[in-house]
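Engineer: Sharing a structure with you now.
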Amino acid sequence: MPSLFDPLRIGALDLPNRVFMAPLTRGRATREHVPTPLMADYYAQRAGAGLIISEATGMSRQGLGWPYAPGIWTSEQMEAWKPVTAAVHAAGGRIFCQLWHMGRIVHSSLTGEQPVSASATTGPGNAHTYDGRKPYEAARPLALNEIPALLDQYRRAAEFALAAGFDGVQLHAANGYLIDQFLRDGSNMRDDAYGGPIENRIRLLVEATQAIAGVVGPERTAVRLSPNGETQGVDDSDPVPLFTAAAAALSDIGIAFLELREPPPHGTFGASPVPPLSPDIRKVFAGPLVLNSDYTQERAEQALRAGEADAVTFGRPYISNPDLVARFQRGLALAPDDMKTWYSQGSEGYVDYPAARELVQA
Ligand SMILES: Cc1cc2nc3c(=O)[nH]c(=O)nc-3n(C[C@H](O)[C@H](O)[C@H](O)COP(=O)(O)O)c2cc1C
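Okay, so the sequence shown: first residue is 1 according to the numbering used here, each after it adds one.
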C-alpha cells in the first residue's frame with residue numbers, strides 16, 4: 001500500500017508525493033482581483049506539495065464576492081497569474097487553478113448585481129465585503145437561458161488558466177457555492193431541467209466539468225465536492241444517491257482526480273454528524289480520490305494504507321508550514337497557524353512562516 005511519499009499519476013501529471021495543498025482563500029490580490037507578486041512567493045514556498053490547488057479564483061465578476069480574492073476572467077488577471085505559476089514551476093512544483101462561482105454567497109456591493117443561485121433563496125449569515133460583514137441578500141434564480149453564457153465563462157476561465165501556466169483546473173463544486181446550491185435539494189427548488197430529480201440537479205456540475213474538460217482536457221480537470229452535511233446553509237435530504245450519481249458521472253468524464261472535503265464529527269474547520277460518503281464514492285469513481293479535512297500525517301497514512309484515498313489535501317497545515325512534506329518526512333513538529341492573518345493583506349502571516357529550523361540547518 002502506498003505512503004504519502006510515494007509518487008502518484010493523476011491524469012496528465014506525475015506527482016512526486018501524495019501530500020497536496022488544499023485550496024485556501026487568502027485575500028492577497030488587489031481590489032480589482034488581480035494577483036500580486038507576493039502570491040508568487042507564497043505559492044513557490046509551498047512547491048514541495050505533490051500538487052498545489054490554488055485559492056478559489058473568481059471565474060466571472062458575478063461569481064466573485066470575496067474582498068481581495070483573485071479572479072481569472074480578465075486578461076489583466078490572467079497575465080498577473082503568469083509569474084505565480086512560473087515561480088511554482090521554477091521551484092519544482094505543480095499548481096491547479098480552483099475556479100469559483102459563489103452563487104448566493106456574494107454581496108452586491110462587490111459584484112454590482114443581485115446574487116444568483118439555483119432558486120430564490122438567501123444564504124444564512126453575513127457576506128464578506130470591503131465594509132465589513134453584511135447580511136446575505138436574496139438571490140434570484142439563474143434563468144435557463146443564462147446557463148449557456150455561464151458555461152462559456154467557465155470555458156474562458158479555463159482557457160485563461162492554461163494560458164496563465166496552470167497545470168490544470170479544479171471546479172469548485174463544494175462548500176455551499178453555486179454548483180453545490182444546484183446539487184442539493186435544500187437550495188434547489190427548480191422545476192426545469194436543472195432541478196428536481198438527481199439527474200437534473202447534477203446537470204450543471206456535469207456541464208461545467210465538461211466545459212472545462214473540453215478546453216484543458218479531462219486529464220487536467222479536477223472537481224471538489226463536500227458531500228457530508230450542511231455547509232453555508234446548503235444541504236441535501238438524501239446525500240448518498242445524489243453524490244454517488246455525481247461521482248459516477250465525473251468518473252465517466254474521466255477527470256484527473258476527485259477531491260472530497262468531509263469534515264469529521266469533531267472537525268475543527270466545520271464539523272458534521274453525517275458520516276463520510278467517501279467509501280460509497282470510492283466504489284463508483286474510478287480515478288484517483290483525494291480526501292480532506294482535519295487530516296494529520298498519521299490519519300492520512302492510515303487512509304492511504306486502507307485504500308480509502310490516493311492522496312490527501314492539507315489546508316491549515318500548509319498556511320503555517322511551507323515545508324510540510326519535509327516536516328512529515330523528518331517527523332518534525334508543525335507550526336500553528338494564526339487565524340487573524342488568514343484573510344488579512346500583506347506579507348504578515350502569509351510569506352513569513354519560516355521553514356523548520358532543523359531543515360534550514362541540515
Ligand atoms: C483560510 C481558509 C481559506 C479557505 N479557502 C478555501 C477555498 O478557497 N476553496 C476551498 O475549496 N476551500 C477553502 N477552504 C477549506 C480548505 O480547503 C480545507 O477544506 C479546510 O481547511 C479543512 O482542511 P484542513 O483541516 O487540512 O485545514 C479554506 C479554509 C481556510 C482555513
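Glycine residues also receive a C-beta, built at the ideal position from the N, C-alpha and C atoms. A quick note: this is a predicted structure, and the numbers were derived from the prediction, not measured.
Does the stretch 183 to 194 touch the stretch 86 to 94, meaning 3 or more C-beta pairs lie closer than 8 Å?
Structural biologist: No, the stretch 86 to 94 is not in contact with the stretch 183 to 194.
Engineer: Just checking Trp73 against ligand 1 - is the residue's beta carbon closer than 7 Å to any of the ligand's heavy atoms?
Structural biologist: No, the beta carbon of Trp73 sits no closer than 7 Å to any heavy atom of ligand 1.
Engineer: Output the distance between the C-alpha atoms of Leu38 and Val351, rounded to the nearest integer angstrom.
Structural biologist: Straight-line Cα distance between these residues: approximately 8 Å.
Engineer: Report the start-end ranges of each alpha helix (DSSP H) in the stretch 22 to 54 that is 4 residues or longer and not cut off at the edges.
Structural biologist: Runs found: 37 to 45.
Engineer: Jot down the residue ranges of each uninterrupted beta strand (DSSP E) in the stretch 223 to 289, minimum 3 residues, whole runs only, in chain order.
Structural biologist: With a minimum length of 3 residues, the continuous beta strand (DSSP E) runs that stay inside the stretch 223 to 289 are 257 to 261.
Engineer: Measuring only the C-alpha atoms, how far is Leu250 from Tyr353?
Structural biologist: About 37 Å.
Engineer: What does DSSP give as the partner residue(s) for Ile147 in the beta ladder?
Structural biologist: Ile147 is not bridged to any residue.
Engineer: Can you tell me whether Leu144 is buried or exposed? The criterion is at least 16 other CB atoms within 10 Å of its CB, across all chains shown.
Structural biologist: Exposed, since its Cβ has fewer than 16 Cβ neighbours within 10 Å.
Engineer: Just to confirm, are Ala309 and Leu277 a CB contact at a threshold of 8 Å?
Structural biologist: Not closer than 8 Å, so no.
Engineer: Sorted by chain position, which residues of the same chain lie with C-beta nearer than 7 Å to Arg46's C-beta, five sequence neighbours on each side aside?
Structural biologist: For Arg46, where only same-chain residues beyond five positions count, the Cβ hits under 7 Å are Met21, Ile52, Tyr318, Pro322.
Engineer: With respect to 7 Å, is the separation between the Cβ of Tyr295 and the closest non-hydrogen atom of ligand 1 below this value?
Structural biologist: Yes - ligand 1 has a heavy atom lying nearer than 7 Å to the Cβ of Tyr295.
Engineer: Given a cut-off of 8 Å, decide if Ala80 and Val106 are closer than it, judged by their beta-carbon atoms.
Structural biologist: Contact flag unset, no.
Engineer: Confirm, please, whether the CB-CB distance from Tyr343 to Thr25 is below 8 Å.
Structural biologist: It is a contact, given that the beta carbons lie within the stated cut-off.
Engineer: Under 7 Å: does the beta carbon of Asn17 sit that close to some heavy atom of ligand 1?
Structural biologist: Checking the Cβ of Asn17 against ligand 1 gives no.
Engineer: Residue range of the beta strand (DSSP E) that Trp81 falls in?
Structural biologist: No beta strand (DSSP E) contains Trp81, which is instead part of the alpha helix (DSSP H) from 75 to 90.
Engineer: For Pro141, which residues does DSSP report across the bridge?
Structural biologist: DSSP, once it has assigned bridges, lists Ser117 as partnering Pro141.
Engineer: Helix, strand or coil for Leu8 per DSSP?
Structural biologist: It is a strand residue.
Engineer: Would you tell me roughly how many angstroms separate the C-alpha atoms of Pro115 and Leu64, rounded to the nearest one?
Structural biologist: Their Cα atoms are separated by approximately 10 Å.
Engineer: For Val169, tell me which candidate among Pro263, Ala213, Gly315, Asp6 has the shortest Cα-Cα distance.
Structural biologist: Comparing Cα-Cα distances from Val169 to each of Pro263, Ala213, Gly315, Asp6, the minimum goes to Ala213.
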